[in-house]
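In our numbering, the protein residues as written are 155 to 387. For reference, the structure is listed below as structure tokens.
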Amino acid sequence: MNMAIFTGVFEDASTTATTVGITGFMTCLISALIIGLIIALTYKYKNKYSKNFVTTLALMPAMVCVVIMMVNGNVGAGVAVAGAFSLVRFRSVAGTSTEIGAIFLAMGSGLMTGMGYIGYAAVFTIVICMMQIIYNHIGIGSKKYAALDKTLRIAIPEDLEYTGSLDDLFQEYTTSCQMTNVKTTDMGSLFKLTYNITLKTENIEKEFIDKLRCRNGNLEISISQQENNINEL
Numbered sequence: 155m156n157m158a159i160f161t162g163v164f165e166d167a168s169t170t171a172t173t174v175g176i177t178g179f180m181t182c183l184i185s186a187l188i189i190g191l192i193i194a195l196t197y198k199y200k201n202k203y204s205k206n207f208v209t210t211l212a213l214m215p216a217m218v219c220v221v222i223m224m225v226n227g228n229v230g231a232g233v234a235v236a237g238a239f240s241l242v243r244f245r246s247v248a249g250t251s252t253e254i255g256a257i258f259l260a261m262g263s264g265l266m267t268g269m270g271y272i273g274y275a276a277v278f279t280i281v282i283c284m285m286q287i288i289y290n291h292i293g294i295g296s297k298k299y300a301a302l303d304k305t306l307r308i309a310i311p312e313d314l315e316y317t318g319s320l321d322d323l324f325q326e327y328t329t330s331c332q333m334t335n336v337k338t339t340d341m342g343s344l345f346k347l348t349y350n351i352t353l354k355t356e357n358i359e360k361e362f363i364d365k366l367r368c369r370n371g372n373l374e375i376s377i378s379q380q381e382n383n384i385n386e387l
């Protein structure tokens, strides 16, 4: 195997100092842009995304690459850059684990490219991107019966004791049930209850709702897909 592709662009055995020439600069910059595009396209596969995030992800390796090339062994400048990175907040809202992983991948490949190790950066990016595609395709970590996880919202009259009044229906139609919220409405004449439930089987929602309507006097009932908190890792 020709190991020349894994040799740093700026490596020079005759000196400890390195100089960034225009050829080396453009080689690293173009390589970083290509790597960033690969990362961005991979992130789009079976992930929810925004245009701004994907664009930033594609450009991040090139931006990190240029910063590292300009530091170029200067310890003082390196400390200053590290401090600047620590002050930057990428997003005002906490990102998901997928977004954080993509950002680290972009920064890692940008660092390697900026140091001149284009071959290592390419191999690192290709391997991680391939594994991400494989994991997304096989659905690693996904729940097998996630479609049965529902959120039930039901209104009941104030004279109905909600604690335990619906337990028999939950035992009949669900495998798990957890009350998450209770509040009063209509001047205290109604209670609105929220439950996270897991249905026993599919296509029993209407039958379940009909039984609940008989219990709560035909007041408001809604069953929706249970939402995961997107801000959680």
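We put the beta carbon where it would ideally sit given N, CA and C, even for glycine.
Item to check | Whole-angstrom C-beta distance between Met269 and Ile222, which should lie under 8 Å | outcome: Contact flag correct, Cβ pair sits at about 6 Å.
Next on the checklist: What residue range does the beta strand (DSSP E) around Thr338 cover?
Outcome noted: First-last of the beta strand (DSSP E) with Thr338: Thr328 to Thr339.
Checklist entry - Tyr203 to Gly293, Cα distance in whole Å? => result Rounded to whole angstroms, Tyr203 to Gly293 spans 18 Å at the Cα level.
Next on the checklist: Run through the DSSP bridge pairs and tell me what Thr209 is partnered with.
Outcome noted: Looking at the DSSP assignment, Thr209 forms no beta bridge with any residue, so it has no partner.
Item to check | Identity of the residue in Gly342, Glu361, Cys331 and Thr334 nearest Asp313 by Cα | outcome: The shortest Cα separation from Asp313 among Gly342, Glu361, Cys331 and Thr334 belongs to Gly342.
Item to check | Uninterrupted beta strand (DSSP E) stretches inside the stretch 280 to 315 (no shorter than 3 residues) | outcome: Within the stretch 280 to 315, the complete beta strand (DSSP E) runs of at least 3 residues are 303 to 311.
Item to check | Residue closest to Gly190, alpha-carbon to alpha-carbon, out of Glu381, Lys346, Phe207 and Thr334 | outcome: Measuring from the Cα of Gly190, the nearest candidate turns out to be Phe207.
Checklist entry - With which residues is Asn201 paired in a DSSP beta bridge? => result Under DSSP, Asn201 shares a beta bridge with no residue.
Checklist entry - What are the boundary residues of the beta strand (DSSP E) that Asn357 is part of? => result Neither: Asn357 is in no beta strand (DSSP E) and is coded neither H nor E.
Next on the checklist: Is the separation between the beta-carbon of Leu306 and that of Ile377 shorter than 9 Å?
Outcome noted: The Cβ-Cβ distance between Leu306 and Ile377 falls below 9 Å.
Checklist entry - How do the stretch 211 to 225 and the stretch 256 to 264 stand: do at least 3 beta-carbon pairs fall below 8 Å, yes or no? => result In short, these stretches touch, since the Cβ pair count reaches three.
Checklist entry - DSSP puts Ile351 in a beta bridge; with which residues? => result Here Ile351 is bridged, per DSSP, to Lys304 and Cys331.
Item to check | Distance between Tyr199 and His291 (C-alpha atoms, nearest Å) | outcome: His291 and Tyr199: Cα-Cα distance of roughly 9 Å.
Item to check | Residue interval of the alpha helix (DSSP H) (run including Ser251) | outcome: Here the alpha helix (DSSP H) through Ser251 covers Ser251 to Gly268.
Next on the checklist: What does the alpha-carbon distance come out to for the pair Glu381 and Thr279?
Outcome noted: Distance between the alpha carbons of Glu381 and Thr279 is about 32 Å.
Checklist entry - Does DSSP put Gln325 in a helix, in a strand, or in coil? => result Note: Gln325 maps to helix in three-state DSSP.
Next on the checklist: Would Ile287 and Arg369 be called neighbours here (beta carbons separated by less than 9 Å)?
Outcome noted: Ile287 is not a Cβ neighbour of Arg369, given a cutoff of 9 Å.
Next on the checklist: Here's the rule I'm using: 16 or more other beta-carbon atoms within 10 Å means buried, otherwise exposed. How should Glu253 be labelled?
Outcome noted: By the 10 Å Cβ count, Glu253 comes out buried.
Checklist entry - Around the Cβ of Val281, are there at least 16 other Cβ atoms within 10 angstroms (buried) or fewer (exposed)? => result Exposed is the call here.
Item to check | Cα-Cα separation between Cys219 and Ala276, rounded to whole angstroms | outcome: Distance between the alpha carbons of Cys219 and Ala276: 13 Å.
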